[in-house]
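Line by line, the protein sequences give chains G and W.
Take my numbering: the last position of the first sequence gets the number 113, and nothing is skipped along the way.
Take my numbering: the last position of the second sequence gets the number 115, and nothing is skipped along the way.
Each residue gets a CB set at the ideal place from its N, CA and C atoms; glycine is no exception.
If you're wondering where the values come from, they're calculated on a predicted model, not measured in any experiment.
Okay, so here's the structure we're looking at.
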Amino acid sequence: ELKVEQNPLFLSMQEGKNYTIYCNYSTTSDRLYWYRQDPGKSLESLFVLLSNGAVKQEGRLMASLDTKARLSTLHITAAVHDLSATYFCAVVIISNSGYALNFGKGTSLLVTP
Amino acid sequence: DSGVTQTPKHLITATGQRVTLRCSPRSGDLSVYWYQQSLDQGLQFLIQYYNGEERAKGNILERFSAQQFPDLHSELNLSSLELGDSALYFCASSINTPSSYNEQFFGPGTRLTVL
Numbered sequence: 001e002l003k004v005e006q007n008p009l010f011l012s013m014q015e016g017k018n019y020t021i022y023c024n025y026s027t028t029s030d031r032l033y034w035y036r037q038d039p040g041k042s043l044e045s046l047f048v049l050l051s052n053g054a055v056k057q058e059g060r061l062m063a064s065l066d067t068k069a070r071l072s073t074l075h076i077t078a079a080v081h082d083l084s085a086t087y088f089c090a091v092v093i094i095s096n097s098g099y100a101l102n103f104g105k106g107t108s109l110l111v112t113p
Numbered sequence: 001d002s003g004v005t006q007t008p009k010h011l012i013t014a015t016g017q018r019v020t021l022r023c024s025p026r027s028g029d030l031s032v033y034w035y036q037q038s039l040d041q042g043l044q045f046l047i048q049y050y051n052g053e054e055r056a057k058g059n060i061l062e063r064f065s066a067q068q069f070p071d072l073h074s075e076l077n078l079s080s081l082e083l084g085d086s087a088l089y090f091c092a093s094s095i096n097t098p099s100s101y102n103e104q105f106f107g108p109g110t111r112l113t114v115l
């Protein structure tokens with residue numbers, strides 16, 4: 001069974017600081033997704049990482065993927081309040097006939113002044 | 001706005017009842033997925049349909065069933081509801097074919113409260 005573990009699960013950080021969220025998964029996969037969710041809202045796609053060594057950046061967020069280590073990171077640079085949300089990583093499960101996303105438990109981020 | 005629509009937004013019902021959640025995928029998407037999000041279980045995959053056929057099944061209870069219609073909209077039926085079924089139910093869609101996987105786009109969700 002594929003397990004996806006995120007840490008930390010809760011993160012309170014000051015504006016302007018840097019931090020990294022980690023996502024480990026237990027079986028081979030070359031596709032990893034990062035989503036953002038605001039309270040009571042839907043999931044917004046942030047990054048799609050499709051190969052080993054992939055790095056993508058959007059604003060203050062940068063995501064990377066190391067398929068050999070089965071590890072993805074989401075790095076936050078100079079955090080601002082607008083980044084407060086829950087961040088999920090998800091790994092694709094491929095079965096004989098279909099696909100599904102297996103999500104981590106999410107990292108709840110609070111950025112304070 | 002992802003282009004995926006779900007109705008209703010909120011649903012309040014009693015234990016033992018049956019409800020139907022509806023999802024319309026993005027235009028052109030043939031695959032529909034259902035997910036359940038609850039505080040204790042997190043985000044869990046329930047089931048996938050592709051062009052009307054069931055393709056993948058996750059942790060879906062026997063009391064739950066789904067189908068995808070010829071117009072590609074999908075319905076998730078939940079019966080004999082229990083308090084623990086209270087959750088946010090998401091539908092997602094993608095342009096998957098049986099041999100390739102593409103990104104899923106999520107709808108706004110239906111919040112189900114079972115009293």
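Determine, for G28/W, whether the minimum Cβ-Cβ distance to residues of chain G falls below 8 Å.
At a cut-off of 8 Å between C-beta atoms, G28/W does not count as an interface residue with respect to chain G.
Buried versus exposed call for F105/W [16 or more other C-beta atoms within 10 Å across all chains shown]
Its Cβ being crowded by 16 or more others within 10 Å, F105/W is buried.
Nearest neighbour of S108/G, chosen from V92/G, Q37/G, S95/G, L65/G [CA to CA]:
Taking only the C-alpha atoms, the option nearest S108/G is Q37/G.
How big is the Cα-Cα spacing for L11/W and L71/G?
Spanning the two alpha carbons is a distance of roughly 38 Å.
Can you give me the Cβ contacts of L73/W inside the same chain, cut-off strictly under 6 Å, excluding the 5 residues immediately before and after it?
Just to set this straight, residue 73/W is His in the shown sequence, not Leu. The residues are S24.
Mind checking H109/W: buried by the 16 CB within 10 Å criterion, or exposed?
According to the sequence as given, residue 109/W is Gly; it is not His. Burial is judged here by how many other beta carbons sit within 10 angstroms of a residue's own beta carbon; G109/W has at least 16 and is buried.
Between S2/W and chain G, is the shortest Cβ-Cβ distance under 8 Å, so that the two count as touching?
Taking Cβ atoms only, chain G reaches closer than 8 Å to S2/W, which makes this a yes.
Is the shortest distance between the beta-carbon of S95/G and the beta-carbons of chain W less than 8 Å?
Answer yes: the Cβ-Cβ gap between S95/G and chain W drops below 8 Å somewhere.
If you follow the beta strand (DSSP E) that L112/W is part of, which residue opens it and which one closes it?
Looking at the DSSP string, the run of the beta strand (DSSP E) that includes L112/W is 110 to 114.
Relative to the C-alpha of D66/G, which residue among I93/G, S51/G, F47/G is closest?
The residue with the shortest Cα to Cα distance from D66/G is S51/G.
Beta-carbon separation of K3/G and Y25/G under 8 Å?
For K3/G and Y25/G, yes; Cβs fall inside 8 Å.
Given 8 Å as the limit, is there contact between the stretch 73 to 80 of chain G and the stretch 52 to 61 of chain G, that is, 3 or more CB pairs closer than that?
Yes: the two stretches touch, three or more of their Cβ pairs being nearer than 8 Å.
In this structure, does DSSP put H10/W in helix, strand or coil?
DSSP, read as helix, strand or coil, puts H10/W in strand.
Do L83/G and V92/G have their C-beta atoms closer together than 8 Å?
No, these two residues do not count as a Cβ contact at 8 Å.
Would Y99/G count as contacting chain W if we go by Cβ distances under 8 Å?
With 8 Å as the cut-off, Y99/G counts as an interface residue toward chain W.
Quick test of your reading: D29/W and S93/W, contact by CB under 8 Å. State the CB separation rounded to the nearest angstrom.
In this structure, D29/W and S93/W form a Cβ contact; the two beta carbons are roughly 4 Å apart against a cut-off of 8 Å.
Who pairs with H75/G in a beta bridge, going by DSSP?
Bridge partners of H75/G: T20/G, M62/G.
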